[in-house]
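Participant: First the structure, then my questions, so here it is.
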Amino acid sequence: MGVIGQIGQWFDQRLQLAAPIRDAAEHPVPRNTASWFYVFGSAALTVFLLQLVTGILLALIYVPSASEAWSSLQALNHDVTLGWFIRAMHGWGSNFMVAVVLIHMVQVFLFGAYKFPRELTWIVGVFLLLMTLGMAFSGQVLRFDQDAYWGLGIGASIASRVPIAGPIIVKLMLGGPIIAGATLSRFFALHVFVIPGMLIGFVCLHLLMVLKLGINEWPMPGRLVKRATYENEYHQLTRKDGAPFVPYAVWKDLFFAAFILLAVAACALYFGPFGPTGRPDPTIIQTAPKPDYFFLWLYGLLSYLPPSMETPALLIGPVVVIAFLVLLPFLSGEGEKSWRRRPIAVLTVLLIAIILGTLTHLAGYTPWSPHMNAWSGDPVPEQFLHGRTALERQGALVFQVKQCRNCHSLGDLGGQRGPALDSVAVRLTQDQLIRQVIQGGGNMPAYGKNLSPAETTALVAFLETLHPRGQAPARDAARDLALGEDKDQRQGAQR
Amino acid sequence: MTGENTISRRGLFMKLGILFNGLVATALTVPIVRFLLSSVTRGRASAYLSWVPLGRVSEFPEGETRLATFTNPYVTPTDGKTVDTACWVRRVEGEQFQVFAINCAHLGCPVRWFPQSGLFMCPCHGGAYYRDGSRASGPPERGLFEYPYKVKDGMVTIQAGELPTPGSPTASLFGNEPPCGARSELVSIESKLSACSKTNALLRKTKTWA
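Each protein sequence line maps, in turn, to chains L and U. Quick note on the numbering used here: the first sequence kicks off at 6 and runs consecutively. Quick note on the numbering used here: the second sequence kicks off at 49 and runs consecutively.
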């Protein structure tokens with residue numbers, strides 16, 4: 006035996022770890038689980054370890070103080086050698102971790118792995134997902150910039166809606182009456198000590214259960230899970246058709262782990278670190294705060310909920326979702342595992358993916374927000390001014406100056422909060438236009454107090470010209486009849 | 049000798065040991081919980097609130113709405129710029145003011161004032177408010193939060209100190225309450241205003257802590 010072997014033996018005589026580690030590594034797994042579908046759990050663990058390492062590296066420079074944090078991030082980005090790269094790795098690692106955890110969860114769900122006897126593994130996994138999201142949110146706070154500041158405001162506004170306890174929760178969350186130094190300090194404690202500590206504990210528990218209960222076998226359509234017989238069947242499977250995890254299945258995990266790390270590094274190199282955006286100075290109000298990628302869907306949802314639905318949805322929604330995820334293995338702990346015979350499960354996953362994807366896509370360009378600079382930045386396209394009367398052109402000026410453009414587009418330029426007005430004259434008659442402008446309605450503010458009669462007349466005259474060539478504007482036939490106006494004459498005047 | 053109803057000397061000591069630890073743990077819980085709740089207990093009875101000056105009356109032209117900034121009264125050494133707060137000051141006429149929080153009543157984003165259209169607009173989810181702070185459109189359930197103010201020796205002073213949020217009692221006592229400020233877009237602004245000014249005046253009288 007060589008020197009290294011002797012040293013190894015010396016340690017093992019005292020640690021007694023070699024045998025259990027060998028047992029764990031070589032435990033038999035069903036052959037068909039050595040699949041590329043089974044690599045996401047170990048990939049999530051790999052990214053988590055990457056986050057631990059890069060997080061500790063960042064903590065060497067980062068200052069968790071509301072007055073210094075932003076400057077210390079600037080120093081990391083610009084002064085410290087490769088500080089930008091470590092920040093970028095940590096930021097992209099966070100995105101990858103959320104993504105990989107979600108993919109892992111979908112795979113486990115579709116392969117029925119949450120069923121007996123792996124219920125608790127699934128439940129611990131649900132908490133791991135929540136902690137991962139907690140890490141993503143608190144990490145965004147530590148990047149103490151304008152988005153972080155106003156994001157905390159959004160968090161506080163949501164928390165404050167809890168009946169009775171709301172104000173107490175807000176003060177606990179902020180560490181005081183406002184978003185300030187104490188807020189950042191406590192989110193630092195959460196992000197660096199509390200949640201990672203819990204994550205490590207839960208990851209160990211999760212892994213232990215995977216080892217003890219065995220990895221979920223590849224689901225075969227028609228092979229049903231029954232509490233009475235499953236464990237026996239699984240042992241048959243691993244004993245008869247099993248293969249040792251190392252090296253039979255582990256090589257795919259190793260390859261994918263390295264690939265994921267490479268992908269994070271490639272994104273970090275190519276796209277660089279996230280922010281920080283502007284200084285967290287609440288007196289700078291020229292800002293449109295947005296959350297990080299994985300919370301964009303929530304940002305979108307919050308603008309579509311009707312006001313009366315918002316508080317119940319915000320407070321009850323998460324409870325229902327978490328309760329459903331936790332109760333899932335008890336609701337369907339037995340039966341069919343294969344996704345080929347679980348159409349509702351597949352459709353549910355697709356539906357949720359489409360909803361989240363759509364909301365995320367919408368939050369990318371926020372059609373619900375007024376374009377704050379459209380009134381001064383986007384000109385009225387020429388075709389809407391050509392050959393118009395003086396009054397109509399005056400109306401176009403009113404249209405710009407009164408910021409109608411911030412919510413209404415013309416020629417695809419301008420806000421999308423309200424409908425595009427390129428052909429509004431086809432939809433609304435003169436009277437309806439006047440009423441809509443003055444009284445508002447349908448989510449439009451009333452402009453009666455902010456427009457003089459002359460301005461309203463000019464504006465409506467301009468709006469009445471907004472119809473496609475060859476398509477007549479809407480008209481009130483009864484009015485024409487009562488006033489005895491010649492239809493052709495009216496239309497002629499309006500082209 | 050141990051029977052069913054007897055307990056061994058060691059067993060008794062172990063139970064006493066657990067009891068002893070339980071007592072010590074309970075005793076230690078009190079300071080820990082009090083420490084954790086300090087940010088809540090400290091602010092009890094509106095202790096975070098105080099009157100802060102915004103500027104001279106003459107700095108705010110009549111009929112206009114201007115941005116003003118103030119330093120939050122409760123400051124800790126590491127707060128940096130975060131204690132600087134902005135608000136919108138509307139001088140209605142004479143010494144009659146409305147001081148609006150910068151935070152949208154929906155989810156707290158900073159609203160911007162557009163004098164040309166007489167609207168406050170929020171960049172986050174598209175909430176809009178009229179010049180008097182009442183809700184015009186979008187997801188907010190109510191009008192803008194208002195700070196209680198007073199004019200003394202030519203200075204506009206507001207009572208501030210807490211982040212105005214939809215659920216905070218200090219924020220919801222002032223400003224346009226949902227019954228008069230929100231909803232029914234088709235009601236004319238004038239009727240809304242008269243209905244609101246009465247209720248709000250009443251609210252101001254009954255609920256000021258000054």
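Ideal Cβ positions, reconstructed from N, Cα and C, are used throughout, including at glycine. Computed from a predicted structure; not experimentally measured.
1. So with CB distances below 7 angstroms, who are the chain U contacts of residue 308 of chain L?
2. Ignoring anything shorter than 4 residues or poking outside the region 268–337 of chain L, list the alpha helix (DSSP H) runs there in chain order.
3. Tell me which same chain residues have a C-beta within less than 7 angstroms of the C-beta of residue 321 of chain L, skipping the five on either side of it?
4. Taking residue 150 of chain U as the query, report the chain L residues whose CB atoms sit under 8 angstroms from its CB, ordered along the chain.
5. Report the partner residues of residue 117 of chain U according to the DSSP bridge assignment.
6. If distances are taken between C-alpha atoms only, which option among U:141, U:155, U:60, U:80 comes closest to residue 306 of chain L?
7. Taking residue 186 of chain L as the reference, which of U:161, U:128, U:182 has the closest Cα?
8. Looking at the C-beta of residue 210 of chain U, does it have a partner C-beta in chain L at a distance below 9 angstroms?
9. Can you tell me which residues form a DSSP beta bridge with residue 206 of chain U?
10. Measuring only the C-alpha atoms, how far is residue 277 of chain L from residue 294 of chain L?
11. Can you find a C-beta in chain L that's less than 9 angstroms from the C-beta of residue 101 of chain U?
12. Smallest Cα separation from residue 423 of chain L: which of L:460, L:29, L:371?
13. For residue 405 of chain L, which three-state DSSP category applies?
14. Quick one: which chain U residues come within Cβ less than 7 angstroms of residue 177 of chain L?
15. Applying the criterion that 16 or more other CB atoms from any shown protein chain within 10 Å of the CB defines a buried residue, is residue 15 of chain L buried or exposed?
16. Taking the DSSP output, what are the residues bridged to residue 178 of chain U?
17. For the region 425–441 of chain L and the region 458–469 of chain L, state whether three or more C-beta atom pairs, one from each stretch, are separated by less than 8 angstroms.
18. Could you list which residues in chain L have their beta carbon closer than 7 angstroms to that of residue 216 of chain U, in chain order?
19. By the 10 Å Cβ neighbour count, where 16 or more other Cβ atoms means buried, how is residue 106 of chain U classified, buried or exposed?
20. Determine which residues of the region 443–462 of chain L have a Cβ less than 8 angstroms from any Cβ of chain U, and write them out in chain order.
21. Look at residue 27 of chain U and residue 170 of chain U and say whether their C-beta atoms are less than 9 angstroms apart.
22. Give the range of the beta strand (DSSP E) segment to which residue 458 of chain L is assigned.
23. Run down chain U in chain order and give the residues with a C-beta less than 7 angstroms from the C-beta of residue 284 of chain L.
24. Mapping the DSSP letters down to three states, classify residue 373 of chain L as helix, strand or coil.
25. What residues of chain L sit near residue 117 of chain U, judged by a beta carbon separation below 8 angstroms?
26. Should residue 380 of chain L and residue 407 of chain L be called a contact, given that it needs their Cβ atoms to be closer than 9 angstroms?
27. State the CB to CB distance for the pair residue 121 of chain U and residue 98 of chain U, rounded to an integer number of angstroms; the pair is presumed to be in contact (CB under 8 angstroms).
28. Pick helix, strand or coil for residue 227 of chain U, following the three-state DSSP scheme.
29. Per DSSP, which residues does residue 289 of chain U bridge with? Please list them.
30. Looking at residue 260 of chain U: is its Cβ nearer than 9 angstroms to the Cβ of residue 135 of chain U?
31. Short of 8 angstroms in beta carbon distance, which residues of its chain neighbour residue 33 of chain L, apart from the five on each side in sequence? Order them along the chain.
32. Looking only at its chain, what residues have a beta carbon closer than 6 angstroms to the beta carbon of residue 185 of chain U, apart from the 5 residues adjacent to it on each side?
33. Do we get a CB-CB distance below 9 angstroms when we pair residue 189 of chain L with the residues of chain U?
34. Work out the CA separation of residue 426 of chain L and residue 418 of chain L for me, nearest whole Å.
35. Given this structure, state the Cα-to-Cα distance separating residue 129 of chain L from residue 340 of chain L, to the nearest angstrom.
36. I'd like to know if residue 67 of chain L contacts chain U, where contact means its C-beta is closer than 9 angstroms to some C-beta of that chain.
Facilitator: Per the coordinate set shown:
1. For the purposes of this step, residue 308 of chain L is taken as residue 303 along the first sequence, with counting starting at 1. Here the neighbours are 173, 174, 187.
2. 301–309, 312–336
3. Here the question's residue 321 of chain L lines up with position 316 in the first sequence. No residues qualify anywhere along the chain.
4. Here residue 150 of chain U is taken as the residue at index 102 of the second sequence, counted from 1. Within 8 angstroms Cβ-Cβ: 287, 290.
5. Walking along the second sequence from the start, residue 117 of chain U turns up at place 69. Paired residue(s): U:134.
6. In the first sequence, residue 306 of chain L corresponds to position 301, counting from 1. For the set U:141, U:155, U:60, U:80, the Cα lying nearest the Cα of residue 306 of chain L is the one of U:155.
7. The sequence position of residue 186 of chain L within the first sequence is 181, counting from 1. Measuring from the Cα of residue 186 of chain L, the nearest candidate turns out to be U:128.
8. Within the second sequence, numbered from 1, the residue matching residue 210 of chain U stands at position 162. With its beta carbon less than 9 angstroms from one in chain L, residue 210 of chain U belongs to the interface.
9. Position 158 of the second sequence, counted from the first residue, corresponds to residue 206 of chain U. Beta-bridge pairing links residue 206 of chain U to U:100, U:197.
10. Position 272 of the first sequence, counted from the start, is the residue given in the question as residue 277 of chain L. Position 289 of the first sequence, counted from the start, is the residue given in the question as residue 294 of chain L. Approximately 20 angstroms, taken between the alpha carbons.
11. Residue mapping note: residue 101 of chain U aligns to position 53 of the second sequence, counting from 1. Taking Cβ atoms only, chain L never reaches closer than 9 angstroms to residue 101 of chain U, which makes this a no.
12. Residue numbering aside, residue 423 of chain L sits at position 418 when the first sequence is read from its first letter. Closest option to residue 423 of chain L, Cα to Cα, is L:371.
13. Residue 405 of chain L sits at position 400 when you count from the first residue of the first sequence. In the three-state scheme derived from DSSP, where H, G and I count as helix and E and B as strand, residue 405 of chain L is classed as helix.
14. By 1-based counting over the first sequence, the position of residue 177 of chain L is 172. Simply 87, 88.
15. On the first sequence, residue 15 of chain L is found 10 positions in, with the first residue counted as 1. Exposed, by the Cβ-count rule.
16. Position 130 of the second sequence, counting from 1, holds the residue named residue 178 of chain U. DSSP, once it has assigned bridges, lists U:167 as partnering residue 178 of chain U.
17. yes
18. As a position in the second sequence, residue 216 of chain U is number 168, starting the count at 1. The contacting residues are 165, 172, 175.
19. One-based indexing of the second sequence puts residue 106 of chain U at position 58. With fewer than 16 other Cβ atoms from the protein chains shown falling within 10 Å of its own Cβ, residue 106 of chain U counts as exposed.
20. 444, 445, 446, 447, 448, 449, 450, 451, 452, 453, 454, 455
21. Here chain U covers residues 49 to 258 and nothing more, so residue 27 of chain U does not appear.
22. Mapped onto the first sequence, residue 458 of chain L falls at position 453. Element bounds for residue 458 of chain L: not the beta strand (DSSP E) but the alpha helix (DSSP H), 458–469.
23. As a working mapping, residue 284 of chain L is identified with position 279 in the first sequence. 129, listed in chain order.
24. Locating residue 373 of chain L in the first sequence gives position 368, counting from the first residue. Coil.
25. For the purposes of this step, residue 117 of chain U is taken as residue 69 along the second sequence, with counting starting at 1. The contacting residues are 288.
26. Sequence index remark: in the first sequence, residue 380 of chain L carries index 375 (1-based). Sequence index remark: in the first sequence, residue 407 of chain L carries index 402 (1-based). It is a contact, given that the beta carbons lie within the stated cut-off.
27. The residue you call residue 121 of chain U lines up with position 73 of the second sequence. The residue you call residue 98 of chain U lines up with position 50 of the second sequence. Yes, residue 121 of chain U and residue 98 of chain U are in contact; Cβ-Cβ is about 4 angstroms, under 8 angstroms.
28. Taking the first residue of the second sequence as position 1, residue 227 of chain U is located at position 179. Annotation note: pLDDT 37 at residue 227 of chain U (below 50); position unreliable, no value reported.
29. There is no way to answer for residue 289 of chain U, as the model of chain U reaches only from 49 to 258.
30. This structure cannot speak to residue 260 of chain U, because chain U is shown only from 49 to 258.
31. As a working mapping, residue 33 of chain L is identified with position 28 in the first sequence. Hits under 8 angstroms: 243, 244, 247, 248, 249, 250.
32. Position 137 of the second sequence, counted from the start, is the residue given in the question as residue 185 of chain U. Cβ within range, chain order: 176.
33. Taking the first sequence and counting its residues from 1, one reaches residue 189 of chain L at position 184. It does: the Cβ of residue 189 of chain L has a partner Cβ on chain U nearer than 9 angstroms.
34. Here residue 418 of chain L corresponds to residue number 413 of the first sequence, with the count starting at 1. Here residue 426 of chain L corresponds to residue number 421 of the first sequence, with the count starting at 1. Residue 418 of chain L and residue 426 of chain L: Cα-Cα distance of roughly 11 angstroms.
35. If you number the first sequence from 1, residue 129 of chain L lands on position 124. If you number the first sequence from 1, residue 340 of chain L lands on position 335. Straight-line Cα distance between these residues: approximately 22 angstroms.
36. Against the first sequence, residue 67 of chain L aligns to sequence position 62. So, not an interface residue.
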